[in-house]
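J.: Residue numbers (our numbering), protein chains in the order written: chain A, 1 to 264; chain B, 1001 to 1135.
So that we are looking at the same thing, I have put the structure below in structure tokens.
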Amino acid sequence: MAKKILVIEDEDNLGQSIKTFLEQYDYRVSCISDGITGLEAVRDEKPDLILTDLLLPRLHGFDICRTVKGDDQLREIPLIVMTAVYKNAIHKLEAKRMGVEDFIEKPLNFSELLKKVERLLGPATLPEEEIITSEPTQKKKSMDDVIQKQFQDLQQDYASRLPQKIMELEKIWESIQKREDTAKQLAKFRRMVHSLTGSGTTFGFKELTESARQLELLLDMIIAEGEDTIEERKDKINRLLDNMKHHPLVTTELEIMRQMGSNQ
Amino acid sequence: MPDNKILKRIMYVDDDTDLQRIVQLGLEMGGGFTVKVCGSGEQVLREIADFQPDLLILDVVMPDMSGPKTLKTMQNMPDIPSVPVVFFTSKTGPEHLQHYRSLGAIGVIKKPLDFKRLPHQVKEIWEIFNSKVHQ
């Protein structure tokens, strides 16, 4: 059974990042965002380790430490305090006196966090045969791997939404050609293309965004030189939109969307 | 102005939800910072006092209220805390950089973004800023 860590942190994003990170190492992690509920969860769940912030709503982190370390049923649970404010020696000493096992400073260094967790808990439990046949260190992923995996998930999600974005661009382009609220639509079109240029490159779809970049330049020229120049640039814009639409990544996603639609 | 302050809390402002997610990933998982994401300049004005960031990263091109306009508005609102600002932009020519600095920005991060390098870039800007403050 994997070891369980309770994270008490009122910054939900940070709590979620810690959870995502430690779960990659096969710990079970739950997050609570206030002190009172955190203490209740300690009693209910009896985690193998508590990782708590200090400045928490409803109950201060030191009160959690004091209660846990003063309770015969709970005091064996190791506690790590995350501290951004209370990091001077007096507070550390006070926490040590309460029985707190360790500290970690914010901003968190995730590798340091892992070291501290492993020092207190050992690596998350592995199936017996794995313990015999493999080195636990081989199983560990580096922080870069964890981030890379998260990036790939975001990248995949981004790719799946690209066809929708391009269809929306085509729709706006149609209304621009019909001169429907042209100035407003042009601004919207340009904003969407600009966003595609930036985010597409960041997500690693450079060819696709090269078309977006050229399109952005054309739109800048139209905005600078006037709506009358739309006509003379129409063919180029159509060609660039077509390039984007027929990029292999987009056509694959479009095919998936079509298949999902026909299966419904 | 910070007193050799450690950078912990970053408010990041961008209307592009795709970039929001990737910047957040880079800063939180890669840098260990506490990050608050805002989708507009208006949201910054509403939430900055509560979040109390050490640093504000502002996208330059945003609808309604651009990054520079957000910064100017903040500078004219005495009840809003003074927070160092970094602009996030694809326009990084010398004239642009000079313009951003004249507005009061302490640095610029260039688009397109390399999210793995982002935490280092931010720390570097922060360290240079701190060293200047304490000269």
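For each residue, glycine too, the CB sits at the ideal point set by N, CA and C.
What you are looking at is a predicted structure, and each value in this text was computed from that prediction instead of being measured.
Using CA atoms only, rank isn't needed, just tell me which of B:D1114, B:K1110, B:F1115, B:A1105 is closest to B:F1129.
T.: Taking the first residue of the second sequence as 1, we reach residue 1129 of chain B at position 129. Nearest C-alpha to B:F1129: B:A1105.
J.: In the structure shown, what three-state DSSP assignment does A:D144 receive?
T.: Here residue 144 of chain A refers to the residue found at position 144 when the first sequence is read from its first residue. It is helical.
J.: Residues in its own chain within less than 8 angstroms of B:K1069 by CB, not counting five upstream and five downstream?
T.: Here residue 1069 of chain B corresponds to residue number 69 of the second sequence, with the count starting at 1. Hits under 8 angstroms: G1041.
J.: Under a CB-based cut-off of 8 angstroms, is A:E11 close to chain B?
T.: Along the first sequence, read from residue 1 onward, the residue named residue 11 of chain A stands at position 11. Yes, its Cβ sits closer than 8 angstroms to a Cβ of chain B.
J.: Just the C-alpha distance for A:K188 and B:Y1012, rounded to the nearest angstrom, thanks.
T.: On the first sequence, residue 188 of chain A is found 188 positions in, with the first residue counted as 1. On the second sequence, residue 1012 of chain B is found 12 positions in, with the first residue counted as 1. Whole-angstrom Cα-Cα distance: 23 angstroms.
J.: Within a Cβ cutoff of 7 angstroms, which residues of the same chain sit near B:K1132, ignoring the five residues on either side of it in sequence?
T.: Along the second sequence, one-based indexing puts residue 1132 of chain B at 132. So no residue of the chain qualifies.
J.: I'd like the span of the alpha helix (DSSP H) that includes B:G1132, first residue to last.
T.: As a working mapping, residue 1132 of chain B is identified with position 132 in the second sequence. What sits at residue 1132 of chain B in the sequence shown is Lys, not Gly. 1118-1133 is the extent of the alpha helix (DSSP H) around B:K1132.
J.: Taking Cβ-Cβ distances shorter than 8 angstroms, what residues in chain A pair up with B:M1029?
T.: The residue you call residue 1029 of chain B lines up with position 29 of the second sequence. Neighbours of B:M1029 on chain A, chain order: S17, T20, F21, F110, M143, V146, I147, Q150.
J.: Would you mind sorting A:H246 into buried or exposed? The rule is 16 or more other CB atoms within 10 Å of its CB.
T.: By 1-based counting over the first sequence, the position of residue 246 of chain A is 246. So A:H246 ends up on the exposed side.
J.: Where does A:K50 fall in DSSP's three states?
T.: Numbered from its first residue, the first sequence carries residue 50 of chain A at position 50. Before going on, a small fix: residue 50 of chain A reads as Ile here, not Lys. Looking at A:I50 - three-state DSSP - the assignment turns out to be strand.
J.: Does any C-beta atom of chain A lie closer than 8 angstroms to the C-beta of B:D1018?
T.: If you number the second sequence from 1, residue 1018 of chain B lands on position 18. Output row for B:D1018: interface = yes.
J.: Using 10 angstroms around the beta-carbon of A:T251, count the other beta-carbons present and answer buried if the total reaches 16, otherwise exposed.
T.: Within the first sequence, residue 251 of chain A is the residue found at index 251, counting from 1. Per the 10 Å Cβ criterion, exposed.
J.: Taking just the CA atoms, how far does A:I166 sit from A:V42?
T.: Indexing the first sequence from 1 puts residue 42 of chain A at position 42. Indexing the first sequence from 1 puts residue 166 of chain A at position 166. A:V42 and A:I166: Cα-Cα distance of roughly 49 angstroms.
J.: Within its chain, find whatever has a CB closer than 8 angstroms to the CB of B:K1123; leave out the 5 residues flanking it on each side and keep chain order.
T.: Taking the first residue of the second sequence as position 1, residue 1123 of chain B is located at position 123. Closer than 8 angstroms at the Cβ level, and outside the excluded window around B:K1123, lie L1007, G1031.
J.: Is it right to say B:L1071 is buried, meaning 16 or more other beta carbons lie within 10 angstroms of its own, or is it exposed?
T.: On the second sequence, position 71 is the one that residue 1071 of chain B refers to. With 16 or more Cβ atoms within 10 Å of its Cβ, B:L1071 is classed as buried.
J.: Output the distance between the C-alpha atoms of A:L56 and B:D1050, rounded to the nearest integer angstrom.
T.: In the first sequence, the residue the question calls residue 56 of chain A occupies position 56. In the second sequence, the residue the question calls residue 1050 of chain B occupies position 50. Answer to the nearest angstrom: the Cα atoms are 15 angstroms apart.
J.: Please confirm whether B:R1021 has its beta-carbon closer than 8 angstroms to some beta-carbon of chain A.
T.: The residue labelled residue 1021 of chain B in the question sits at position 21 within the second sequence. Answer yes: the Cβ-Cβ gap between B:R1021 and chain A drops below 8 angstroms somewhere.
J.: Suppose the cutoff is 7 angstroms on Cβ atoms and the five residues either side in sequence are ignored; what does the same chain contact list for A:G200 look like?
T.: The residue you call residue 200 of chain A lines up with position 200 of the first sequence. These residues qualify, in order along the chain: L208, T209, A212.
J.: When burial is assigned at 16 or more other CB atoms within 10 Å of the CB, is B:L1058 buried or exposed?
T.: Working through the second sequence from its first residue, we reach residue 1058 of chain B at position 58. With 16 or more other Cβ atoms within 10 Å, it is buried.
J.: Over what stretch of residues does the beta strand (DSSP E) that includes B:K1036 continue unbroken?
T.: Counting from 1 along the second sequence, the entry for residue 1036 of chain B is found at position 36. Residues 1034-1038.
J.: In chain C, which residues lie less than 7 angstroms from B:P1078 when you measure between Cβ atoms?
T.: Looking at the structure shown, chain C is missing, and the protein chains on hand are A and B.
J.: How many angstroms separate the CA atom of B:E1127 from the CA atom of A:K3?
T.: The residue given as residue 1127 of chain B occupies position 127 in the second sequence. The residue given as residue 3 of chain A occupies position 3 in the first sequence. Spanning the two alpha carbons is a distance of roughly 39 angstroms.
J.: Using 10 angstroms around the beta-carbon of A:K116, count the other beta-carbons present and answer buried if the total reaches 16, otherwise exposed.
T.: For this step, residue 116 of chain A is matched to residue 116 along the first sequence. The residue is buried, with at least 16 neighbouring Cβ atoms inside 10 Å.
J.: Can you confirm whether B:Q1121, when its beta carbon is compared against all beta carbons of chain A, has any partner nearer than 8 angstroms?
T.: Translated into the one-based positions of the second sequence, residue 1121 of chain B becomes position 121. No, B:Q1121 does not count as interfacial toward chain A.
J.: Return the Cβ separation of A:T52 and A:M82 in integer angstroms, given the expectation that the two are a contact with Cβ distance under 8 angstroms.
T.: Translated into the one-based positions of the first sequence, residue 52 of chain A becomes position 52. Translated into the one-based positions of the first sequence, residue 82 of chain A becomes position 82. The pair is a contact, with the Cβ atoms about 7 angstroms apart (cut-off 8 angstroms).
J.: Taking Cβ to Cβ, would you say B:V1060 is nearer than 8 angstroms to B:F1087?
T.: Mapped onto the second sequence, residue 1060 of chain B falls at position 60. Mapped onto the second sequence, residue 1087 of chain B falls at position 87. Yes; because the gap between Cβ atoms is below 8 angstroms, this pair is in contact.
J.: Along the chain, where does the alpha helix (DSSP H) that runs through B:M1062 open and close?
T.: The count along the second sequence starts at 1 and reaches residue 1062 of chain B at position 62. First-last for B:M1062: undefined, no H or E at that position.
J.: Assign B:H1120 to buried or exposed, taking buried as 16 or more other Cβ atoms, counted over all protein chains shown, within 10 Å of its Cβ.
T.: Taking the first residue of the second sequence as position 1, residue 1120 of chain B is located at position 120. B:H1120 comes out exposed.
J.: Enumerate in chain order the residues of its own chain whose CB-to-CB distance from A:K236 is below 7 angstroms, with the five nearest sequence positions on each side excluded.
T.: In the first sequence, residue 236 of chain A corresponds to position 236, counting from 1. So the qualifying residues of the chain are L218.
J.: Within this structure, are the beta carbons of A:T202 and B:P1112 separated by less than 8 angstroms?
T.: Your numbering for residue 202 of chain A matches position 202 in the first sequence. Your numbering for residue 1112 of chain B matches position 112 in the second sequence. Yes, they are a contact pair.
J.: In chain B, which residues lie less than 8 angstroms from A:G198 when you measure between Cβ atoms?
T.: Here residue 198 of chain A is taken as the residue at index 198 of the first sequence, counted from 1. Simply D1016, L1019, S1090, K1111, P1112, L1113.
J.: When you compare each of A:L22, A:G70, A:D157 to A:F110 by their alpha carbons, which one comes out closest?
T.: Counted from its first residue, the first sequence places residue 110 of chain A at position 110. Considering only alpha carbons, the answer is A:L22.
J.: So, under 8 angstroms CB-CB, B:Q1043 and B:V1035 are touching, yes? Tell me the CB distance rounded to an integer number of Å.
T.: For the purposes of this step, residue 1043 of chain B is taken as residue 43 along the second sequence, with counting starting at 1. For the purposes of this step, residue 1035 of chain B is taken as residue 35 along the second sequence, with counting starting at 1. Rounded, the Cβ-Cβ distance is 14 angstroms, inconsistent with contact.
J.: For A:E45, which residues from the same chain have a beta carbon less than 8 angstroms from its beta carbon, with the 5 sequence-adjacent residues on both sides left out?
T.: The residue given as residue 45 of chain A occupies position 45 in the first sequence. Hits under 8 angstroms: K4, L6, S30.
J.: How close, in whole Å, do the beta carbons of A:I8 and A:I32 come, if the pair is a contact with beta carbons under 8 angstroms?
T.: As a first step, residue 8 of chain A must be located in the first sequence, where it is residue number 8. As a first step, residue 32 of chain A must be located in the first sequence, where it is residue number 32. Rounded, the Cβ-Cβ distance is 5 angstroms, consistent with contact.
J.: May I have the straight-line CA-CA distance separating A:D34 from A:D12, to the nearest angstrom?
T.: Walking along the first sequence from the start, residue 34 of chain A turns up at place 34. Walking along the first sequence from the start, residue 12 of chain A turns up at place 12. One C-alpha to the other measures close to 10 angstroms.
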